[in-house]
Every structure is written in C-alpha cells, then in structure tokens.
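Notes to accompany the following structure.
Number of protein chains: 2
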Amino acid sequence: MAGKVFFSVSMSLDGFIAPESPEELMGRQWMELQAWVFPLRFFRENLKLGGGGEQGRDNDIARETFERTGASVMGRRMFDAGEQAWPEEAPFHTPVFVVTHEKRDPWERTGGTTFHFVNDGIEAALDQARETAGDRDVRIAGGGATILEYVNAGLIDEFSVAVSPVLFGRGVRLFDGVDASRIALDQVRSEPSSRVTHLTYAVRPR
Amino acid sequence: MAGKVFFSVSMSLDGFIAPESPEELMGRQWMELQAWVFPLRFFRENLKLGGGGEQGRDNDIARETFERTGASVMGRRMFDAGEQAWPEEAPFHTPVFVVTHEKRDPWERTGGTTFHFVNDGIEAALDQARETAGDRDVRIAGGGATILEYVNAGLIDEFSVAVSPVLFGRGVRLFDGVDASRIALDQVRSEPSSRVTHLTYAVRPR
C-alpha cells in the first residue's frame, strides 16, 4: 500500500510558520513557536545533543512524525537555508528531494540523509519521493511556499499543525494564497499537550 | 471579585472569523465556520427554534459561554448588521454596550437584552459593562475590529477560539493588526470535539 503525503509544521495562533526574513530565524517569535520542540528527548537524540529530554505525548508525536517518513521533499529556499545551518549529520535520515532549478549531483550526508536535486517540478519530486518511501509516508518538509504549492495542486492527503501560544503579527503565513474554493478539510485528530495543540486534518477536493 | 473580560469566536484554520463583506454572511464558508453551533440544543433553545438539538461538550461550552456573561460589548458594525438580523428576542439576554458615535436612547428588547449606546470609546463601554456584570464576566462580542482594539489596549484577560476545519483564503482575520510585540499568550485549555477544537488562552503584557 502506498503511503500518505503529509506535512507537519508549528504554526502561531495567527497562522504564521516563519518570520518574514531568514535573519529572524533565531529571533524571539521563532523560538517561542518552536519552544515545544527543544526540550524533547527525540529532538536531543536526533540532533545528537546528548541524553535527557522530556518524554510524553509531545515527544511521541515528534518521534512518530519522524518514523512515518520514508522520504522528504523540500523547496530550494528551505534547502539553501538549511545547507548552512544543518549539522554534518543532517536531521532527516532519509532521502530528501529538493525542488530546484539548480543541477547538482546528489549530496550524501552521514546518517542516511541524501539530498537529490529535482529540476522538473513538484510532481516529479513527489513521484521520486513516493518511489523511495515505499509504504512509508512522504513528508513535504517546507518551506511555506512549497507546502502551499502541494496543497493547491491537490497532492496533500493529510497534515498536522502544532498550534503554539504565540502571535507573530507578520511573517510567512502557512495558508497565504491557498485556493480555499477547491480544498475541504476534515478534522482527523486534535490532541492538546501542555505547550501546544496538535491538530490533524485530512484534505479532500471540493 | 470582578469578572474577567473575554471574547469567544469561531475561527477558520487560516485565521479568519468573517467573510470580507456582510453579504457573504450566509455563504458557504460562514456556514461551515459556524457548522458546529447550529445543531446544538443550546443554540436552538436560545433562538427559540423549538426542542431537540445535540448535547455533549460543544453544547456545554456554548452554554457555559452564555452563562458566564453578565454583559456584552460590541462595535457599531456588528450592531448595525445585527439590528436587521436578530429576532425580536435578541440572543444576548443581558445588557449590551455598543461602542458608537451615534447618540441614541437605550433599546430594550424582550427577553432581557437592552442595547446601550456608548459614545466615549472602548474603555468607557467596558467600564459600564463591568459595572453591570458584577462578578460575572464581560464578553467582547465583536466584530473583529472591536475585539482587536480591546486586545491591543491590553484589556482582554482571556479568550476562546473554536478552530473550525475550513479554509477561508480571504475575509476578516481575527488578529490582523495585532500588536504582537506587546502581547503574550498562555495556553489555558484545549478541548477537541468531533467538529472543532476549542482553544483557550490567557493574555498578558510582555
């Protein structure tokens, strides 16, 4: 059975998933948005930050999201930012298909992450990711513009949003430009933790 | 002990609480946004639509929101729209303070709703509502612009958002223009029902 295509992001209560400019990525708002992730045992393990860290439902959800993922897809901007920021052992541990115009050989990192550069659009990248993932799921990792392209193309089966108790006021909105007339949602799951609420929706065409 | 100042709205997952124009108020998106309310026993009782209706957590939440409210505050636009749309027995059953430039005598409806027209700003309207509400809470009923004025003035203690599984794409955003640099949120409660997720936050200054 083929896996699902999904995305999973942290979103501010007012709908933002990133600050306006990458320079703000270590800023206060971003840190608050992601505050639920940093203390997790899974986060510490995955980035080799040493032992310890919190267990519990947030940690389980982060781990499940990782484990269901057989391959990831990301846009050029997310890759460009990450290429500088990720540690030598990039945190994906699966093949990652980068939608880009740049022609480049696969870039293999230790720990199982290999970046493949796909030059012929989002559907081609997804096809390659699906092939690789087998019966595991394909995660559209980001950034926001890439996620939205997949949403508007009707290629997302399901997504999760961790709603953080923070207001951004400005930045990159998850659904800015969504084709709302063509997309219907079903609430699949809603799980509060002490820090955020994890909302999961299935997507279907109208 | 004085009551709290709160608001409670239904919000689309992409952050909208109303369509762009009042003419769309009976449109598809609005109906989907409010779809969790219409089947409730409390909704049917309150609007005298006859017996029946669903019980359960959504119904309890709607009833609790009503019962905690000792007085409401609303903006002129919400009042103008409602003046046409509300039934003879308006659904508030408490004093309602309307922030407006219009000078007008109190307008008493059957069933306990009396509209008072306050001409000297949001703080004056809130003071009068607080006085009337005693130890019950004051609800900032809407619309969006009025809620935001109270948020940015630091006058909201707590609020609830029923996140509906619908995308608007455009319309009136709850937090458009929020002064995010001055407002911090604490997640107080998060309660899923089968149709929506009820998120409750406390507001404090930064």
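Taken in order, these protein sequences are the chains called D and G.
Just so it is clear: in the first sequence, position 39 is 39 by the numbering used here, and no numbers are missing.
Just so it is clear: in the second sequence, position 189 is 189 by the numbering used here, and no numbers are missing.
Where is the CB? At the ideal position from N, CA and C, for every residue including glycine.
Partner residues on chain G for residue i, Cβ-Cβ distance less than 8 Å
i	result
TYR201 (chain D)	LEU13, PRO165
VAL37 (chain D)	Under the 8 Å cutoff, chain G gives no residues; its nearest Cβ is about 15 Å from VAL37 (chain D).
ILE183 (chain D)	LEU167
PHE66 (chain D)	Simply none; closest approach about 23 Å.
Residue i, DSSP secondary structure in three states
i	result
ILE17 (chain G)	strand
ALA141 (chain G)	strand
GLU88 (chain G)	coil
LEU174 (chain D)	coil
GLN187 (chain G)	strand
GLY82 (chain D)	helix
ALA129 (chain D)	helix
PHE38 (chain G)	coil
PHE159 (chain G)	strand
LEU33 (chain D)	helix
ALA62 (chain G)	helix
PHE168 (chain D)	coil
VAL196 (chain G)	coil
ARG182 (chain G)	coil
ARG77 (chain D)	helix
ALA202 (chain D)	strand
ALA124 (chain D)	helix
Cβ separation of residue i and residue j, assumed to be a contact under 8 Å, to the nearest whole Å
i	j	result
VAL138 (chain G)	VAL73 (chain G)	6 Å
VAL5 (chain G)	LEU167 (chain D)	Actually they are not in contact, since the Cβ atoms of VAL5 (chain G) and LEU167 (chain D) sit about 18 Å apart, beyond 8 Å.
GLU88 (chain D)	THR110 (chain D)	6 Å
ALA71 (chain G)	LEU40 (chain G)	Not a contact, Cβ separation roughly 23 Å.
VAL99 (chain D)	ARG76 (chain D)	7 Å
MET78 (chain D)	THR146 (chain D)	7 Å
SER190 (chain G)	LEU199 (chain G)	5 Å
VAL196 (chain G)	GLU158 (chain G)	Incorrect: roughly 18 Å between the Cβ atoms, too far for contact.
ILE183 (chain D)	ALA153 (chain D)	ILE183 (chain D) to ALA153 (chain D), Cβ: 11 Å. No contact.
ARG104 (chain G)	PHE117 (chain G)	4 Å
PHE92 (chain G)	THR113 (chain G)	4 Å
TRP36 (chain D)	ALA162 (chain D)	6 Å
Under 8 Å from the C-beta of residue i: neighbouring residues of chain D
i	result
ARG195 (chain G)	GLN187
PHE92 (chain G)	Simply none; closest approach about 27 Å.
Buried or exposed (CB count within 10 angstroms, at least 16 for buried), residue i
i	result
HIS101 (chain G)	exposed
SER12 (chain D)	buried
ASN59 (chain D)	buried
SER164 (chain D)	buried
SER21 (chain D)	exposed
ARG173 (chain D)	buried
PHE7 (chain G)	buried
ALA2 (chain G)	exposed
PRO19 (chain D)	buried
GLN55 (chain G)	exposed
ALA85 (chain G)	exposed
ASP14 (chain D)	buried
GLY134 (chain G)	exposed
SER160 (chain D)	buried
GLY52 (chain D)	exposed
LEU126 (chain D)	buried
PHE38 (chain G)	exposed
LEU33 (chain G)	buried
9 Å Cβ cut-off: residues of chain G touching residue i
i	result
PRO192 (chain D)	GLN187, ARG189, SER190, GLU191, PRO192, THR197, LEU199
PHE6 (chain D)	Under the 9 Å cutoff, chain G gives no residues; its nearest Cβ is about 15 Å from PHE6 (chain D).
Where residue i meets chain G, residues with beta-carbon distance less than 7 Å
i	result
ALA180 (chain D)	LEU167, PHE168, GLY169
PHE117 (chain D)	By Cβ distance, chain G contributes nothing, its closest Cβ being about 31 Å from PHE117 (chain D), past 7 Å.
PHE97 (chain D)	Correct list: empty, because the minimum Cβ distance to chain G is about 26 Å.
Partners in chain D for residue i, counting only beta-carbon separations shorter than 7 Å
i	result
PHE79 (chain G)	Residues of chain D passing the Cβ test: none, with the nearest at roughly 26 Å.
Under 9 Å from the C-beta of residue i: neighbouring residues of chain D
i	result
PHE43 (chain G)	Under the 9 Å cutoff, chain D gives no residues; its nearest Cβ is about 20 Å from PHE43 (chain G).
Please specify which runs of the beta strand (DSSP E), each continuous and at least 3 residues long, are wholly inside the segment 92-117 of chain D, giving them in chain order. 95-99
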